[in-house]
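Here the structure is laid out as structure tokens; the discussion comes afterwards.
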Amino acid sequence: MNNFLVGIDEVGRGPLAGPVTVSALAIPHRLRGSFKDSKKLSATQRKKLLIWIKSRDDIVFSTASVYPTTIDRINITQAANLAATRAMKKLLMNQRWHKKSKIKVLLDGGLYLNSSLLKAKAHNLKATTYVRGDGKYNAIKLASIVAKTKRDAMMARYHKKYPQYNFNEHKGYGTKRHLSSLKKYGVSKIHRLTFLKNYPKLIANKL
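Numbering of the sequence shown is given in my numbering, commencing with residue 1434 and proceeding in unit increments.
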């Protein structure tokens, strides 16, 4: 019986715009190596590592995103956990890697899986949330790289649709340039209105 570690991490909890994206990534216990969390890597380094991850037959991953409308409706914490549960469900759909395997799930601090998924008899899951897990466990570090690369690519596509906001630069975070664009153009359809409640003048002319 093979044993797997699944790392789950999110990207995009704090931005004013765009989705929150989660990756669930499975590695075998025997995988060796020292990796860094996505925040400590450049975009080029992350892309190179993603190519390496995709080249491995013994690493499997999935991603899931929850978008601003839902974030505004259920709050960012629940949205991140929803994305985590969806990513894990997608990962489990690929039975090639986990059939007859023991799976230990490691979630970065603040993330939790839906209890119904954990209790399902079809899956032999044990899940634990670790504070600052993205600095401790390779499975979470690699998951963070996948999630970050995925969300950055999404924000680059949003930039093409809404070039006035420069999403390709700040990825939706509340930089001075982003706030200046909001003041000038108002909010777009991918902005999180609940995150902008402290900027009432910025959301007055909603698109």
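For every residue, glycine included, the Cβ atom is placed at its ideal position computed from N, Cα and C.
Once DSSP output is grouped into helix, strand and coil, what is the label at residue i?
{"i": "Val1579", "result": "helix"}
{"i": "Gly1440", "result": "strand"}
{"i": "Lys1630", "result": "coil"}
{"i": "His1462", "result": "coil"}
{"i": "Leu1540", "result": "strand"}
{"i": "Leu1474", "result": "coil"}
{"i": "Lys1552", "result": "helix"}
{"i": "Lys1487", "result": "helix"}
{"i": "Thr1502", "result": "helix"}
{"i": "Ser1614", "result": "helix"}
{"i": "Thr1641", "result": "A query on residue 1641 cannot be resolved here, the shown segment of the chain reaching from 1434 to 1640 and no further."}
{"i": "Thr1608", "result": "coil"}
{"i": "Lys1622", "result": "coil"}
{"i": "Phe1600", "result": "helix"}
{"i": "Leu1449", "result": "coil"}
{"i": "Tyr1563", "result": "strand"}
{"i": "Leu1546", "result": "coil"}
{"i": "Lys1481", "result": "helix"}
{"i": "Lys1523", "result": "helix"}
{"i": "Lys1469", "result": "coil"}
{"i": "Lys1569", "result": "coil"}
Use the C-beta contact count for residue i: other C-beta atoms within 10 angstroms, 16 or more gives buried, fewer gives exposed.
{"i": "Ser1621", "result": "buried"}
{"i": "Lys1487", "result": "exposed"}
{"i": "Glu1443", "result": "buried"}
{"i": "Leu1640", "result": "Because Leu1640 sits at a pLDDT of 44, beneath the cut-off of 50, its placement in the model cannot be relied upon, and the following sentence gives the value as read from the coordinates. Leu1640 should be labelled exposed."}
{"i": "Asn1527", "result": "exposed"}
{"i": "Lys1583", "result": "buried"}
{"i": "Ile1484", "result": "exposed"}
{"i": "His1462", "result": "exposed"}
{"i": "Thr1518", "result": "buried"}
{"i": "Ala1513", "result": "buried"}
{"i": "Ala1586", "result": "exposed"}
{"i": "Val1564", "result": "exposed"}
How big is the Cα-Cα spacing for residue i and residue j?
{"i": "Tyr1382", "j": "Phe1600", "result": "Given a span of 1434 to 1640 for the chain in the structure shown, any question on residue 1382 remains unanswerable."}
{"i": "Ile1573", "j": "Asp1567", "result": "5 Å"}
{"i": "Ala1516", "j": "Thr1510", "result": "10 Å"}
{"i": "Ser1456", "j": "Gly1543", "result": "14 Å"}
{"i": "Pro1633", "j": "Leu1474", "result": "35 Å"}
{"i": "Ser1548", "j": "Lys1609", "result": "40 Å"}
{"i": "Phe1494", "j": "Asn1631", "result": "37 Å"}
{"i": "Lys1569", "j": "Pro1452", "result": "25 Å"}
{"i": "Ala1580", "j": "Thr1502", "result": "20 Å"}
{"i": "Tyr1595", "j": "Tyr1618", "result": "10 Å"}
{"i": "Met1434", "j": "Lys1535", "result": "Residue confidence is low: Met1434 scores 42 on pLDDT, short of 50, so the model does not pin down where it sits. No coordinate-derived value is stated."}
{"i": "Tyr1500", "j": "Thr1627", "result": "13 Å"}
{"i": "His1624", "j": "Arg1446", "result": "13 Å"}
{"i": "Asp1490", "j": "Ala1459", "result": "11 Å"}
{"i": "Ile1492", "j": "Leu1575", "result": "10 Å"}
Below 8 Å on the Cβ atoms is my contact criterion, and I expect residue i with residue j to pass it. Report the Cβ-Cβ distance as a whole number of Å.
{"i": "Gly1605", "j": "Met1588", "result": "6 Å"}
{"i": "Ile1578", "j": "Ser1498", "result": "Not confirmed; about 16 Å, so no contact."}
{"i": "Leu1550", "j": "Lys1522", "result": "7 Å"}
Check your understanding: Quick one: any contact between the stretch 1460-1475 and the stretch 1498-1508, if contact means 3 or more CB pairs under 8 Å?
Key -> no
Practice item. Kindly confirm or deny that the stretch 1437-1452 and the stretch 1557-1574 touch, where touching means at least three C-beta pairs closer than 8 Å. Key: yes
Review point. Per the contact definition of three or more C-beta pairs closer than 8 Å, is the stretch 1475-1482 in contact with the stretch 1607-1619?
Key: no
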